[in-house]
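Visitor:
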C-alpha cells in the first residue's frame, strides 16, 4: 500500500505504513505497538500531521487579496505639514511609511495606494467636508 493520509487510529490494515507530511518529513504509523501512553502520543502526532497537511496543501488558503478601504473611526486634524520621511517595503504586498512626525503605524498595500491615487480628489473633498462638519482644520493648532 502507498502512503497513509490522515490519522488511522483504529484501522488495522494500515499499521506499519509510512505517512508523508511534506517532501522530507515521514512519520511511521504503528498505533497498536507500545503502551497506552505511547499509542496516545502517536495518535496526537497523526492528528497534528493531518492538520499540517491540510494547511500545507489547502487550495483555498487565506491570501492578502482583499483589502478593506474604510475611513478612520475618528477625524484626524492638524496634519497639513506632515510629510513622508521614508518608506520601507514589506514583502511584495505593501509599504510601511515613516512620517516626519515620527509615526509609522500601519502597512499600506499596493491596492490601497491605487485606491488613494484613483480617488484622490473625492477622498480629499470628503475629508475637508468631514473636518468642517466637526469644526476642525488641517492646520495645526497655534501655539500660545
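Residue numbers (the numbering used here): 95 to 238.
Glycine included, every Cβ here is placed at the ideal spot set by N, Cα and C.
It should be emphasised that the depicted structure is a prediction, and the values quoted were computed from it without experimental measurement.
1. Tell me whether residue 135 is buried or exposed, calling it buried when 16 or more other Cβ atoms sit within 10 Å of its Cβ.
2. Between which two residues does the alpha helix (DSSP H) holding residue 211 run?
3. Buried or exposed for residue 211, please, with buried defined as at least 16 other CB atoms from any protein chain shown within 10 angstroms of its CB.
4. Using C-beta distances below 7 Å, list every residue in its chain close to residue 230, excluding the 5 sequence neighbours before and after it, in chain order.
5. With 16 as the cutoff for other CB atoms within 10 Å, does residue 188 come out buried or exposed?
6. What is the DSSP secondary structure of residue 238, counted as helix, strand or coil?
7. So, are the CB atoms of residue 179 and residue 194 less than 8 Å apart?
8. Determine the extent of the beta strand (DSSP E) in which residue 176 is found, giving its start and end residues.
9. Within 10 angstroms of its Cβ, does residue 124 collect 16 or more other Cβ (buried), or is it exposed?
Guide: Concretely, from the data shown:
1. Its Cβ having fewer than 16 others within 10 Å, residue 135 is exposed.
2. In the DSSP assignment, residue 211 falls within the unbroken alpha helix (DSSP H) covering 204-212.
3. exposed
4. Excluding residues within five positions, the ones whose Cβ falls inside 7 Å are 169 and 171.
5. buried
6. coil
7. Contact flag set, yes.
8. First-last for residue 176: undefined, no H or E at that position.
9. Note that residue 124 scores a pLDDT of 48, beneath 50, so its modelled location is shaky; the value from the coordinates is reported in the next line. Classification of residue 124: exposed, given that the 10 Å Cβ count is below 16.
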